[in-house]
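Report on the structure given below.
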Ligand SMILES: [Zn+2]
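In the numbering used here, the protein residues as written are 131 to 570.
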């Protein structure tokens, strides 16, 4: 693979990447001669990035396949430059809360996966005894909620249940990933029913809810010495306490999402519930601080939180509409468009959307263009623009908050273990494997 812009952990430079047996063998100078018998793919000035790793995807399969499914989700991922995804444990039926449920989901996913696919487990009330078996069966960690999840089969943990789950997870050196909104703060916030006003919805999910939940997690992580990860951070005023905790050595990591980085509360029209997610998209000033958190390394991952539903569930009432934003195929161009405007480089985007998530999940074979890693690539034309046409998305449902936006960065192709799996958005090859947590 030859490009004038190969994005490696050291720098972005003209280079030739030698791939053997599905792995990156060496990163050679651009002008390297190609021996006979070796096939050269010359990408010209298109950038060669490590394939994206999206550790936050709700595939909903089996059980809610009208919302999404492994075939559609992994096709959309591949078209968007994602070569590895991890499926969230809820919204499918069954949820991934026991080994039997995990096996049921793996059986459904196996024949459908266009990209490498792994699974998070779920920590719910009453399943502490399932956590270690799930860990040993290869889940990458455990998701829990502190407030209602939105589906009844995946209840939240109260303070006692959270402490028990975390103690168990710490015992086997696992990872807890948390939807961090404090239920007390949500209950105390104004809940205006039958409202299409975005301002009412925003007021119902205040920043304090994230702030308090994260403070609770920091305390627990400090005491238990367990690894804790904050999912989809929206409220940037939680960043100072996260920075302080990390300086102190608390094992806490943080992700945010393309929608928090590229969309703002000010521009969301009333009734436009395709923009609804929890925690919510906040104001422009908040967004600037999230970018600051990325720039200074406090936030290490940008992942989609792709959480789709059928069109009829996106009712005009913000309070009852399903919360979730579909962006699997669009995350890379959405983030790159705003990143470049703010003076960031492709290498930053690769770090946030590939290296960081791979490290979070312990995927040592993914996340960078360097010898020994899988030859997973996203080929991007960074200067080229396109206007988002929902009908061109491979998502099962074409509802998206990005409709009509003009974005920078066209994904030309995606490559998995050295094989081209998409070209110009068209799926070519279903080469995904089911992946499990690496043994330490
Ligand atoms: Zn989610």
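Even for Gly, the Cβ is constructed at its ideal location relative to N, Cα and C. Small disclaimer: the values here were computed from a predicted structure and weren't measured.
Check, Outcome
"With a floor of 4 residues, list each alpha helix (DSSP H) that falls wholly inside the segment 246-332, ordered by position along the chain.", "258-266, 289-301, 313-318"
"Shortest alpha-carbon distance to residue 502 belongs to which of 140, 137, 149?", "149"
"State whether the segment 198-216 contacts the segment 455-462, with contact taken as three or more CB pairs (one from each stretch) at a distance under 8 Å.", "yes"
"When the Cβ atoms of the segment 326-335 are set against those of the segment 390-409, are three or more pairs found closer than 8 Å?", "yes"
"Let's see if you can read the secondary structure: which residues bound the beta strand (DSSP E) around residue 179?", "177-180"
"So, with DSSP's three-state summary, where would you put residue 452?", "coil"
"Using a Cβ-based criterion (distance less than 7 Å to any ligand heavy atom), does residue 218 qualify as near ligand 1?", "yes"
"Tell me which same chain residues have a C-beta within less than 6 Å of the C-beta of residue 193, skipping the five on either side of it?", "222, 223"
"Could you say if the segment 344-356 and the segment 305-316 meet the contact criterion of at least three C-beta pairs nearer than 8 Å?", "yes"
"On a CA-only basis, which of 180, 509, 277 is nearest residue 552? Give me that one, please.", "509"
"On the criterion of 16 or more Cβ atoms from any shown chain inside 10 Å, does residue 168 qualify as buried, or is it exposed?", "exposed"
"DSSP three-state label for residue 134, please.", "strand"
"Where DSSP assigns a beta bridge to residue 436, which residues make up the other side?", "187, 455"
"Taking 7 Å as the cut-off, does the CB of residue 362 come closer than this to any heavy atom belonging to ligand 2?", "Summarising the ligand content, the structure contains ligand 1 and does not contain ligand 2."
"Confirm the yes/no value for this check: CB of residue 191, any heavy atom of ligand 1, distance under 7 Å.", "no"
"Can you give me the start and stop residues for the alpha helix (DSSP H) that residue 379 sits inside?", "Run containing residue 379: none; DSSP gives neither H nor E here."
"Beta-carbon separation of residue 216 and residue 270 under 8 Å?", "yes"
"Quick check on the DSSP output: the alpha helix (DSSP H) that includes residue 229 runs from which residue to which?", "229-239"
"Helix, strand or coil for residue 493 per DSSP?", "coil"
"CB-CB under 6 Å to residue 533, same chain, minus the five flanking residues each way: which ones, in chain order?", "518, 520"
"Return yes when the Cβ of residue 562 is within less than 8 Å of the Cβ of residue 245, no when it is not.", "yes"
"Decide yes or no for the touch test of the segment 379-392 against the segment 418-435: beta carbon pairs closer than 8 Å, at least 3 of them.", "yes"
"Mind checking whether the beta-carbon of residue 544 lies closer than 7 Å to any heavy atom of ligand 1?", "no"
"Measure the beta-carbon distance from residue 468 to residue 409 and round it to whole angstroms, keeping in mind my assumption that it falls under 8 Å.", "About 19 Å separates the two Cβ atoms, so there is no contact after all."
"Where does residue 506 sit, in a helix, a strand or coil, going by DSSP?", "coil"
"May I have the straight-line CA-CA distance separating residue 507 from residue 180, to the nearest angstrom?", "5 Å"
"Taking buried to mean at least 16 other C-beta atoms within 10 Å of its own C-beta, is residue 304 buried or exposed?", "buried"
"Looking only at its chain, what residues have a beta carbon closer than 7 Å to the beta carbon of residue 210, apart from the 5 residues adjacent to it on each side?", "458, 459, 460, 461, 462, 541"
"For the beta strand (DSSP E) that contains residue 174, what are its first and last residues?", "Here residue 174 belongs to no beta strand (DSSP E), and DSSP marks it neither H nor E."
"Buried or exposed for residue 529, please, with buried defined as at least 16 other CB atoms from any protein chain shown within 10 angstroms of its CB.", "buried"
"By Cβ distance below 7 Å, which residues in the same chain neighbour residue 291 in space, the five residues on each side in sequence not counted?", "255"
"Residue 412 by DSSP, collapsed to three states: which one?", "coil"
"Give every residue of the same chain whose Cβ lies closer than 7 Å to the Cβ of residue 554, excluding the five residues on either side of it in the sequence, and list them in chain order.", "542"
"Which value, in whole angstroms, describes the spacing of the CA atoms of residue 550 and residue 491?", "24 Å"
"Give the straight-line distance between the Cα atoms of residue 293 and residue 258, rounded to the nearest whole angstrom.", "11 Å"
"Residues in its own chain within less than 7 Å of residue 581 by CB, not counting five upstream and five downstream?", "Since the displayed the chain opens at 131 and closes at 570, residue 581 lies outside it and no answer follows."
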